[in-house]
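Okay, so the sequence shown: first residue is 22 according to this note's numbering, each after it adds one.
Even glycine gets a Cβ: it sits at the ideal position worked out from N, Cα and C.
The next block holds one structure in the form of structure tokens; read it before the comments.
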Amino acid sequence: MSFQEKQISIRDVQFGDNVTIVQPVNLYECNIGNNVFIGPFVEIQKGVQIGDHTRIQSHSFICEGVTIGQHCFIGHGVMFINDTFSTGGPAGNPALWKTTNIGNNVSIGSNASILPVNICDQVVIGAGAVVTKNITEPGVYAGNPARRMTMRIPSRS
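Take a look at the structure:
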């Protein structure tokens, strides 16, 4: 029986100032801005950009092709996806992977799944949401697939 062991690591990462990382994490070939917090059991892959003052909670996965803006919050267990299985199965060729761009001041709730999309500034994604299309207007989005919620202010009677 043979196997190849790979250790959890932080490798070839460009860090800004005042970054907090709670081990264990797997970070490689990515860029982390200033004043960023990264919780335990997070993987951030090659080429990912994380903006200043962003907080990434535990058990989140940020794959190649993702850019996250400044002042963002990524909840527990958020999954970013770069492979849409357009060939009927996993695309072994990274040229087939898609990109995701998250604007500034975006909060993504726990266990959300973010497919390859663009999300504008000032957006809240509800817990468990599945984002399948670009979000071009600020607001609150939830559900599967994620849709813009109409927020009602209760009247005072």
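Query                                                                                     : Result
Range of the contiguous beta strand (DSSP E) that encloses G60                            : Where G60 is concerned, there is no enclosing beta strand (DSSP E), given that its DSSP letter is neither H nor E.
Cα-Cα separation, V43 to G60                                                              : 5 Å
Backbone CA spacing between R32 and Y49 [nearest angstrom]                                : 5 Å
Residues that Q70 bridges to, as DSSP identifies them                                     : N52 and T88
Same chain, Cβ closer than 7 Å to A163, five either side skipped, listed in chain order   : G147, A150 and M170
Which of helix, strand or coil DSSP assigns to A116                                       : helix
Rounded straight-line distance, which links the Cα of T153 to that of V57                 : 27 Å
Element boundaries [beta strand (DSSP E), containing S128]                                : V127 to I129
Burial state of Q155 (16 or more Cβ within 10 Å)                                          : It should be pointed out that residue 155 corresponds to Asn in this sequence rather than to Gln. N155 is exposed by the Cβ-count criterion.
Span of the beta strand (DSSP E), counted from its first residue to its last, around T179 : A question about residue 179 goes unanswered here, because the residues of the chain that appear run from 22 up to 178.
Sheet register partners of Q35 (DSSP bridge)                                              : N52
Which of helix, strand or coil DSSP assigns to V152                                       : strand
Where T41 falls: helix, strand or coil (DSSP)                                             : strand
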